[in-house]
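Undergrad: Take this structure first; my questions come after.
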Amino acid sequence: MINNILSWAEEDRPREKLLMKGKAALTDAELIAILIGSGSRELSAVDLSKLILQSVNNNLNELAKLSINDLIKFKGIGEAKAISIASALELGRRRKESEVIKKPKVGSSADAYEAIRPYLMDLTHEQFWVLLLNRANEIIRPQQISIGGVAGTVADPKMIFKAAIEHLASAIILVHNHPSGNLTPSQADKDLTKKVKESGRMLDIPVLDHLIFSDNGYFSFADEGIF
Numbered sequence: 001m002i003n004n005i006l007s008w009a010e011e012d013r014p015r016e017k018l019l020m021k022g023k024a025a026l027t028d029a030e031l032i033a034i035l036i037g038s039g040s041r042e043l044s045a046v047d048l049s050k051l052i053l054q055s056v057n058n059n060l061n062e063l064a065k066l067s068i069n070d071l072i073k074f075k076g077i078g079e080a081k082a083i084s085i086a087s088a089l090e091l092g093r094r095r096k097e098s099e100v101i102k103k104p105k106v107g108s109s110a111d112a113y114e115a116i117r118p119y120l121m122d123l124t125h126e127q128f129w130v131l132l133l134n135r136a137n138e139i140i141r142p143q144q145i146s147i148g149g150v151a152g153t154v155a156d157p158k159m160i161f162k163a164a165i166e167h168l169a170s171a172i173i174l175v176h177n178h179p180s181g182n183l184t185p186s187q188a189d190k191d192l193t194k195k196v197k198e199s200g201r202m203l204d205i206p207v208l209d210h211l212i213f214s215d216n217g218y219f220s221f222a223d224e225g226i227f
């Protein structure tokens with residue numbers, strides 16, 4: 001019977017090991033085993049992967065030089081599995097060539113406004129977003145929280161901090177737009193800001209600002225000293 005990964009004990013399965021311990025815990029052979037899914041009648045997927053690696057002295061750079069025809073010479077490796085291995089190695093090569101994209105840093109309300117502007121420009125209805133920041137005040141990502149109508153939108157603090165916790169944010173900036181262009185905060189805006197800020201203090205995820213966005217400018221709670 002073919003040694004399929006699904007027939008292994010759970011703690012021995014590379015996929016489960018990756019989920020439990022993280023990708024760095026897997027050996028090169030285990031990572032390749034995930035790609036090929038099953039081995040041959042004689043070898044498990046991991047053992048077959050070890051055999052392939054041994055043929056290139058366990059050197060991934062040399063493995064990347066093998067052609068599809070070279071790979072399918074191994075019993076248990078068909079064209080589809082060979083293509084999976086070659087594709088993964090090609091992605092790794094391209095990653096090395098890619099430049100690391102520097103995350104934009106927020107040092108002022110103007111920086112926050114420019115970062116969120118592409119997401120809120122020209123909208124005719126209200127939306128509520130948060131900028132999730134790391135410890136260096138670099139933007140991890142902008143995250144949409146809710147979509148409303150022309151006159152308002154509801155933002156649930158639980159959803160705000162769910163997004164922050166999921167992305168390991170160290171701080172957040174609240175943003176919502178006023179399609180009318182009126183930048184005066186409503187009492188509801190003030191109450192929500194206070195509520196979210198207090199929640200952030202308890203969770204050790206500080207709320208640095210709340211921007212009211214319009215196409216022609218913004219209102220910053222922090223800049224106006226009512227934060």
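Residue 212 in UniProt numbering is what sits at position 212 of the sequence shown, and the numbering runs on without skipping anything. Beta carbons are placed, not taken as given, at the ideal position from N, Cα and C, and that holds for glycine. Just so we're clear, the structure is a prediction, and the values are computed from it rather than from any experiment.
1) Does the beta-carbon of residue 251 have 16 or more other beta-carbons within 10 angstroms, so that it is buried, or is it exposed?
2) Rounded to whole angstroms, what's the CA-CA distance from Ser146 to Met121? Just pull it up for me.
3) Roughly how many angstroms separate the alpha carbons of residue 229 and Pro157, rounded to a whole number?
4) Note down the Cα distance separating Arg93 from Lys103, rounded to an integer number of angstroms.
5) Assess, as a yes-or-no matter, whether the segment 171–182 is touched by the segment 102–117 under the definition of 3 or more beta carbon pairs within less than 8 angstroms.
6) Quick one: give me the first and last residue of the alpha helix (DSSP H) that Phe161 is part of.
7) Go to Val46, then tell me how far its beta strand (DSSP E) extends in each direction, as first and last residue.
8) One question on the structure: do Phe227 and Phe219 come within less than 8 angstroms of each other, judged by their Cβ atoms?
9) In the DSSP assignment, find the alpha helix (DSSP H) that holds Ser40 and state where it starts and stops.
10) Output yes or no for whether 8 angstroms exceeds the beta carbon distance between Ala33 and Ser49.
11) So Leu208 packs on Ala169, CB below 8 angstroms; how close in whole Å?
12) State the Cα-Cα distance for the pair Ser186 and Glu126, rounded to the nearest angstrom.
13) Tell me, to the nearest whole angstrom, how far the beta carbon of Ile160 is from that of Val196; I am working on the premise that it is less than 8 angstroms.
14) Okay, do the segment 70–85 and the segment 33–46 touch, 3+ Cβ pairs below 8 angstroms being the bar?
15) With a Cβ-Cβ cutoff of 8 angstroms, do Leu183 and Gly225 count as a contact?
TA: Taking the coordinates as given:
1) Because residue 251 is not part of the residues shown, which for the chain are 1 to 227, the question remains open.
2) As a first step, residue 146 must be located in the sequence shown, where it is residue number 146. As a first step, residue 121 must be located in the sequence shown, where it is residue number 121. Their Cα atoms are separated by approximately 16 angstroms.
3) This structure cannot speak to residue 229, because the chain is shown only from 1 to 227.
4) Mapped onto the sequence shown, residue 93 falls at position 93. Mapped onto the sequence shown, residue 103 falls at position 103. One C-alpha to the other measures close to 23 angstroms.
5) yes
6) For this step, residue 161 is matched to residue 161 along the sequence shown. Start and end: 157–166.
7) To locate residue 46, count along the sequence shown from 1; it is residue 46. Run containing Val46: none in the beta strand (DSSP E); it sits in the alpha helix (DSSP H), 45–54.
8) To locate residue 227, count along the sequence shown from 1; it is residue 227. To locate residue 219, count along the sequence shown from 1; it is residue 219. No, these two residues do not count as a Cβ contact at 8 angstroms.
9) Working through the sequence shown from its first residue, we reach residue 40 at position 40. From DSSP, Ser40 is part of no alpha helix (DSSP H); its letter is neither H nor E.
10) Reading the sequence shown from its first residue, position 33 is the one you call residue 33. Reading the sequence shown from its first residue, position 49 is the one you call residue 49. For Ala33 and Ser49, yes; Cβs fall inside 8 angstroms.
11) Indexing the sequence shown from 1 puts residue 208 at position 208. Indexing the sequence shown from 1 puts residue 169 at position 169. Actually they are not in contact, since the Cβ atoms of Leu208 and Ala169 sit about 11 angstroms apart, beyond 8 angstroms.
12) The residue given as residue 186 occupies position 186 in the sequence shown. The residue given as residue 126 occupies position 126 in the sequence shown. For Ser186 and Glu126, the distance between alpha carbons rounds to 14 angstroms.
13) Translated into the one-based positions of the sequence shown, residue 160 becomes position 160. Translated into the one-based positions of the sequence shown, residue 196 becomes position 196. Yes, Ile160 and Val196 are in contact; Cβ-Cβ is about 6 angstroms, under 8 angstroms.
14) yes
15) Residue 183 sits at position 183 when you count from the first residue of the sequence shown. Residue 225 sits at position 225 when you count from the first residue of the sequence shown. It is not a contact, given that the beta carbons lie outside the stated cut-off.
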